[in-house]
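J.: So the mapping is simple: my numbering equals the position in the sequence shown, first residue as 1, plus 12.
Would you mind keeping the following structure in view while I ask a few things?
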Amino acid sequence: MATIEAAVEIEAPLADVWELYFDRDRWPSWVDGYAAVVRSDGYPDAGGELVWRSNEAGRGEVRERVLAHEPRTLHRIEYEDPESCGTLETRFAIAPAAEPVTRVAQRLDYGLRGGGPLRRLTDLLFIRAQMRGSLARSLGALRLEANG
């Protein structure tokens, strides 16, 4: 398993950022590679499941199962797509500042499916940078969307 971490500070109240994070109608504006929800059952609550499809250049169909959901604090999912599987933990916190600022931090633990004996090398040379970039793009776009 490989680990990638990313974080962003958003000049908006925690309640607003939390609401935006789970607003499916706004996902196209900030979730990297997102196209559409295929199926949802109990999402975003713990035990809930979500299946979504990425755009043509993206990850294909992504299946998520919610492992933990603590309002305005934590959302942890287990995911699988055709190329990888793992967990994504997203933490929300109020950042110290004069104006309302919310810190959103993500930790992605993932493993590649297949890849044979060169899997580790492929991950180090290509995949990890793509995953890191995707998290950074999503969090950056989340900040822009929140600051509207």
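Using N, Cα and C, we set each Cβ at its ideal position, and we do this for glycine too.
Where does the unbroken beta strand (DSSP E) through L120 begin, and where does it stop?
T.: Here the beta strand (DSSP E) through L120 covers 114 to 124.
J.: Should L136 be labelled buried (16 or more other beta-carbon atoms within 10 Å of its own) or exposed?
T.: L136 should be labelled exposed.
J.: With DSSP run on the structure shown, which of helix, strand or coil describes F138?
T.: In the structure shown, F138 sits in a helix (DSSP, three-state: H, G or I).
J.: Per DSSP, S96 is paired with what?
T.: For S96, which the question treats as bridged, DSSP gives the partners L124.
J.: Nearest by alpha-carbon distance to T85: which of A110, E111, Y55, V116 is it?
T.: Per the Cα distances, V116.
J.: Count the other CB atoms, across all protein chains shown, that sit within 10 Å of the CB of M143; report buried if there are 16 or more and exposed otherwise.
T.: So M143 counts as buried.
J.: Ignore the nearest five residues each way along the sequence and tell me which others in L151's own chain have a CB closer than 8 Å to its CB.
T.: A18, A19, V20, V116, Q118, listed in sequence order.
J.: My understanding is that G98 touches L120, with C-beta atoms under 8 Å, so please give their C-beta distance in whole angstroms.
T.: About 6 Å separates the two Cβ atoms, so the contact holds.
J.: Let me confirm a value: T114 is counted as buried when at least 16 other C-beta atoms fall within 10 Å, else exposed. Which label applies?
T.: Looking at its Cβ environment, which holds 16 or more other Cβ atoms inside 10 Å, T114 is buried.
J.: Take F104 and list the residues in its own chain whose beta-carbon comes closer than 7 Å to its own, dropping the five residues that flank it on each side.
T.: Hits under 7 Å: L26, V29, W30, R84, T85, T114, V116.
J.: Which of the three DSSP states, helix, strand or coil, is assigned to G54?
T.: Correct three-state label for G54: strand.
J.: Would you identify the three-state DSSP class for V74, choosing helix, strand or coil?
T.: If DSSP states are grouped into helix, strand and coil, V74 belongs with the strands.
J.: How would you call V49, buried or exposed, if buried means at least 16 neighbouring beta carbons within 10 angstroms?
T.: Label assigned to V49: exposed.
J.: Helix, strand or coil: how does DSSP classify R149 here?
T.: Here R149 sits in helix by DSSP.
J.: Of all the options E82, W42, I16, which has the alpha carbon lying nearest to the alpha carbon of E157?
T.: Among E82, W42, I16, the Cα nearest to that of E157 belongs to W42.
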